[in-house]
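In case it helps, our numbering puts the sequence shown at residues 137 to 606. Reviewing the structure listed below.
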Amino acid sequence: MEGISQSEQGKTNPMGGVKNLQVVDPTFDSLKVRWDPAVGNVRSYKVFYTANPDGETEEEEVSGGTTSTTLRNLDPDTLYDVVVVPIYPDVEGIRQAEKGKTRPLSGVKNLQVTDPTTNSLRVRWEPAEGDVRTYNIFYVPTNGGAERAMQVSGMSTSTVLRDLQPDTKYTVTLVPVYTDLEGKRSSANGKTKPLGGVKNLQVTDPTTSSLKVRWDPAEGNVRQYRIFYVPTAGGAEDMEQVSGGTTSTVLRNLLSDTAYTVTVVPVYPEGEGLRQSDAGKTLPRTPPRNIQVYNPTPDSLKVRWEPASGQVQQYRVAYSALRGTARPESILVPGNLRSAFLDNLIPDTPYSVSVSALYADGEGSPVRDTGKTLPRAGPRNMRVFDPTTSSLTLSWDHAEGPVRQYKISYSPMTGDSQQQGGDYFSSWKQKQRQAGEPAALTLHTASRWSPSTWRALGRSSAGLAAQLLC
Numbered sequence: 137m138e139g140i141s142q143s144e145q146g147k148t149n150p151m152g153g154v155k156n157l158q159v160v161d162p163t164f165d166s167l168k169v170r171w172d173p174a175v176g177n178v179r180s181y182k183v184f185y186t187a188n189p190d191g192e193t194e195e196e197e198v199s200g201g202t203t204s205t206t207l208r209n210l211d212p213d214t215l216y217d218v219v220v221v222p223i224y225p226d227v228e229g230i231r232q233a234e235k236g237k238t239r240p241l242s243g244v245k246n247l248q249v250t251d252p253t254t255n256s257l258r259v260r261w262e263p264a265e266g267d268v269r270t271y272n273i274f275y276v277p278t279n280g281g282a283e284r285a286m287q288v289s290g291m292s293t294s295t296v297l298r299d300l301q302p303d304t305k306y307t308v309t310l311v312p313v314y315t316d317l318e319g320k321r322s323s324a325n326g327k328t329k330p331l332g333g334v335k336n337l338q339v340t341d342p343t344t345s346s347l348k349v350r351w352d353p354a355e356g357n358v359r360q361y362r363i364f365y366v367p368t369a370g371g372a373e374d375m376e377q378v379s380g381g382t383t384s385t386v387l388r389n390l391l392s393d394t395a396y397t398v399t400v401v402p403v404y405p406e407g408e409g410l411r412q413s414d415a416g417k418t419l420p421r422t423p424p425r426n427i428q429v430y431n432p433t434p435d436s437l438k439v440r441w442e443p444a445s446g447q448v449q450q451y452r453v454a455y456s457a458l459r460g461t462a463r464p465e466s467i468l469v470p471g472n473l474r475s476a477f478l479d480n481l482i483p484d485t486p487y488s489v490s491v492s493a494l495y496a497d498g499e500g501s502p503v504r505d506t507g508k509t510l511p512r513a514g515p516r517n518m519r520v521f522d523p524t525t526s527s528l529t530l531s532w533d534h535a536e537g538p539v540r541q542y543k544i545s546y547s548p549m550t551g552d553s554q555q556q557g558g559d560y561f562s563s564w565k566q567k568q569r570q571a572g573e574p575a576a577l578t579l580h581t582a583s584r585w586s587p588s589t590w591r592a593l594g595r596s597s598a599g600l601a602a603q604l605l606c
């Protein structure tokens, strides 16, 4: 089609039309129209476009120097008839027509549901075409349940869905939202992880009354851990709770020499996770060892031993005479001591001594030994001196122990052997000049002394000591 021109003979030709008209670069709401210019003095171009099949014709006008324009706010996925008409000063040129089709509304590309946890899924995508204002994200359990929705900006390409149910498959749908319409819906599936359990559970470091429990943490938002423990052979189950950041604890006050089944359960906001179990056994209680009864005196014995196992609170030291009618007795000593002193015993008497450990939950088995107190020794080194016709002086070394009285007996060595005298002298210590000096006593009589046999005995709270003759 040729534009209007003036020939040399003075005749007129029709006004021309644009050449090489093209409708290109479609989007879901726009088409670009371009052309080569019409010949002549074109003042403007009118661009008419009509949606097929029954749309109304709309018009745009651009300047005569323009060779392209973009038609906007079109309907997506629609065929348009486009007509371009050059406008001359007094007349329209020839109409040129072409067709173009907008693209269908697009959705996001490469939609993925990734990074599952027990209560979350990450959603990521490549952006949809066009001026996306927001993205609507819908997600629902695939096997049925309430649908939930969230919205993110049109610039976003990922988000995290939270507060989901564990071990559940979800259908996630993403919809780009434009100014006044929605784009294509795209869907993908993802599945949350089941509520986890701890890993590498171990029951270690046994004592007679405790076990240590340690583990690697369970996945997810663990609020706390519950530790259940029960004797494997049967009995009452106990439970402890620790915080979700803890990975070990010590179970205390357990039975000795007992196998336990220990179960650790993570607790999530959604409920309990998987139960993991392991076994451990407390150590047997060993009684005190190597008991020895030593260092005897006439009224005391010492006892020593090596400690019993476990958390000993006290030791009971029981002792009883192996002859006579004395009642058994016992003393308690703190659990950190390894010896005891037994006093106020009967001289020259064998004793049975036992030591047993006392725990918070009872008494352990005893270990035994025997020991014997020494006999009570009498006075020593008695001497008779300074004789007169009516008196003699005696001296001796004191007997051992807390002597209360001394009895002095004497009888002639010739004539009537009947004992001539015998008195108890009490509070003898008051007559001592100094501690450690020999005891001394002067005896007076109205008759003349003759050679005599003398006997001194010490009397204590335990009875008479051995006698001393002179």
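In this text, a Cβ means the ideal position worked out from N, Cα and C, and glycines have one as well.
Comparing the CB of S166 with every heavy atom of the ligand NAP, is any distance shorter than 7 Å?
-> Only the bare structure without any ligand can be found here, which leaves the ligand NAP out of the picture.
Using a threshold of 8 Å, state whether the C-beta atoms of G471 and Y455 are closer than that.
-> At least 8 Å separates the beta-carbon of G471 from that of Y455.
Three-way DSSP call (helix, strand, coil) for N426 in this model | If DSSP states are grouped into helix, strand and coil, N426 belongs with the strands.
Looking only at its own chain, which residues have a Cβ that is under 7 Å from the Cβ of D299, when we skip the five neighbours before and after it?
-> Hits under 7 Å: N255.
May I ask you to report which of helix, strand or coil DSSP gives M291?
-> Here DSSP, grouped into helix, strand and coil, assigns M291 to coil.
With distances taken from CA atoms, which of D172, D251, G201, V288 is nearest Q232?
-> The shortest C-alpha separation from Q232 is found at D172.
Among T394, G326, G332, D211, nearest to P277 - alpha-carbon criterion = Nearest C-alpha to P277: G326.
Taking T418 as the reference, which of H534, S345, V334 has the closest Cα?
-> Minimum Cα-Cα distance from T418 among the listed residues H534, S345, V334 corresponds to S345.
Tell whether a beta-carbon distance below 8 Å holds between T270 and G290.
-> Yes.
Check the DSSP bridge columns for W171 and list the partner residues they point to.
-> None; W171 has no bridge partner.
What residue range is occupied by the uninterrupted beta strand (DSSP E) comprising D533?
-> Counting along the chain, the beta strand (DSSP E) containing D533 begins and ends at 527-533.
How many Å lie between Y224 and P240 at the Cα?
-> A direct Cα-Cα distance of roughly 37 Å separates Y224 from P240.
What three-state label does DSSP hand D217 in the structure shown?
-> Note: D217 maps to strand in three-state DSSP.
Same chain, Cβ closer than 7 Å to P353, five either side skipped, listed in chain order | Only V334, T383 meet the Cβ criterion.
Alpha carbon to alpha carbon, how far is Y181 from G200? Give it in angstroms, no decimals.
-> Cα to Cα, the separation comes out at about 6 Å.
By Cβ distance, which residues of its chain are closer than 6 Å to E536, with the 5 residues on each side in sequence left out?
-> Contacts found: A513.
Leaving out the 5 sequence neighbours to the left and right, which residues in its chain are closer than 7 Å to P483 when beta-carbon positions are compared?
-> Non-local beta-carbon contacts of P483 in its own chain, meaning distances under 7 Å to residues more than five positions away in sequence, involve P434, D435, T509, L510, P511, R512, A598 in chain order.
Inter-residue Cα distance where the pair is R170 and T203 | Rounded to whole angstroms, R170 to T203 spans 6 Å at the Cα level.
Output the boundary residues of the beta strand (DSSP E) element that contains V183.
-> It spans 180-187 - the beta strand (DSSP E) in which V183 sits, taken as one unbroken run.
D251 - DSSP class collapsed to helix/strand/coil = Note: D251 maps to coil in three-state DSSP.
Smallest Cα separation from T250: which of G243, V244, R260, S242?
-> Proximity to T250 across G243, V244, R260, S242 peaks at R260, based on C-alpha coordinates.
Looking only at its own chain, which residues have a Cβ that is under 7 Å from the Cβ of A324, when we skip the five neighbours before and after it?
-> Hits under 7 Å: L247, Q248, V249, V308.
Among S531, R516, T315, which residue has its Cα nearest to the Cα of D80?
-> Because the chain is modelled from 137 through 606, residue 80 falls outside the range shown and cannot be assessed.
Using alpha carbons as the reference points, say which of Q287, T304, D303 lies closest to V296.
-> Considering only Q287, T304, D303, the residue with the shortest C-alpha distance to V296 is Q287.
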